[in-house]
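Colleague: One structure follows; several queries about it will come next.
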Amino acid sequence: MELKDSLKNLVFEKSNLKQQVFNSTKEAFELFRSVTRDIIAQFQEHNQKAGGQVNFEFANHGDFEFEVKFGGDVLIFIMHTNVFEFSRDHQVMKTPYIHEDKKRSYCGVIRIYNFLADSFTYQRDQDLGYMIGRVFVNAEKHYFIEGKRELGMLYNNFGNSLISTESVQSIVESAIEYTTNFDLLTPPYDEVSMVSVGEMRYDSEKKSMVTGKRLGFVFQEDK
């Protein structure tokens, strides 16, 4: 019994499309890795000339993750290995770029997270980090960003924005700028006023009291 041509075509076309999206996203991620490494190297050079008081580090964590440390912050870049499509209600689906060819809405995702450097140094596993942006890349290497403040971009840029060294540098610099301005706020008093005996018995650097930049505050999309 022969398979229907329509089924064979569907499977091959969709699989080929997703492989193209994956390849484009991986190329974009490697560009993020290279550009970010160069940016940190420039910070390190400037830091040495200024007396070396600030810590700057770059570290790879496999094929799909790398991190940078600067001052008291860490940025972690992670590429998801799967390909996604947007729901019909998503704003990007209403753009002329997608209306012309629905296959353009299939994207890979690169996520950017911000953590406190001390959370890793002192192994405070309960501490919180925040996703400050995610970059969507399609098979044509067009991209758009959902993110906080400096990282936010309009959906209608999708049809015109292409991944390049210049665009990636702009994204990474914006992520560093946002993170630097995203300060650690003291949580509301009533939320940290009680501590258990067990918490106080832990080593002082491993207490289970959670730390995060907006702990106790509603973390909503910035206006």
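374 is the number that my numbering gives the last residue of the sequence shown; the numbers go up by one with no jumps.
Beta carbons are placed, not taken as given, at the ideal position from N, Cα and C, and that holds for glycine.
1. In whole angstroms, what separates the C-alpha of Tyr306 from that of Met152?
2. Which residues mark the beginning and the end of the alpha helix (DSSP H) in which Ile191 is found?
3. Can you grab the Cα-Cα spacing for the pair Ser157 / Lys245, in whole Å?
4. Write down the C-beta distance between Arg255 and Met282 rounded to the nearest angstrom, noting that I regard them as a contact closer than 8 Å.
5. For Arg184 and Phe217, which I take to be in contact (beta-carbon distance under 8 Å), what is that distance rounded to the nearest angstrom?
6. Take Glu291 as the anchor and find which of Leu168, Asn160, Glu164, Gly223 has the nearest alpha-carbon.
7. In the DSSP assignment, find the beta strand (DSSP E) that holds Val288 and state where it starts and stops.
8. How big is the Cα-Cα spacing for Asn277 and Arg188?
9. Looking at the secondary structure, which residues open and close the beta strand (DSSP E) in which Tyr264 lies?
10. Just to check my reading of the structure: Val416 and Phe237 have Cβ atoms closer than 8 Å, yes? What is that Cβ distance to the nearest angstrom?
11. Report the partner residues of Asn211 according to the DSSP bridge assignment.
12. Where Gly182 and Asn198 are concerned, what is the direct C-alpha to C-alpha distance, given to the nearest angstrom?
13. Tell me, please, which residues DSSP counts as bridged to Phe228.
14. Could you compute how far the alpha carbon of Leu267 sits from the alpha carbon of Lys220?
15. Please identify the residue among Ala210, Asp252, Asp214 whose C-alpha is closest to the C-alpha of Gly310.
16. Between which residues of its own chain and Gly222 is the CB-CB distance below 6 Å, once the five residues before and five after are set aside?
17. Nearest-angstrom Cα distance between Gly280 and Ile229?
18. Any C-beta of chain D sitting closer than 8 Å to the C-beta of Val225?
19. For Thr316, which residues in the same chain have their Cβ closer than 7 Å to its Cβ, ignoring the five residues on either side in sequence?
Modeller: Taking the coordinates as given:
1. Here the model assigns Tyr306 a pLDDT of 46, short of 50, so the residue's position is not dependable and the matter cannot be decided.
2. 156–200
3. 28 Å
4. Their Cβ separation, rounded to whole angstroms, is 24 Å, which puts Arg255 and Met282 out of contact at 8 Å.
5. 5 Å
6. Checking every option, the nearest Cα to that of Glu291 belongs to Leu168.
7. 281–289
8. The sequence shown places Gln at residue 277, rather than the Asn named in the question. So the two alpha carbons sit approximately 29 Å from each other.
9. 258–267
10. The displayed coordinates of the chain run from 152 to 374. Any statement about residue 416 would go beyond what the structure contains.
11. Phe217
12. The sequence shown places Leu at residue 182, rather than the Gly named in the question. For Leu182 and Asn198, the distance between alpha carbons rounds to 24 Å.
13. Phe217, Ile263
14. 9 Å
15. Asp252
16. Val205
17. 14 Å
18. The structure shown contains no chain D, having only a single protein chain.
19. Leu182, Val186
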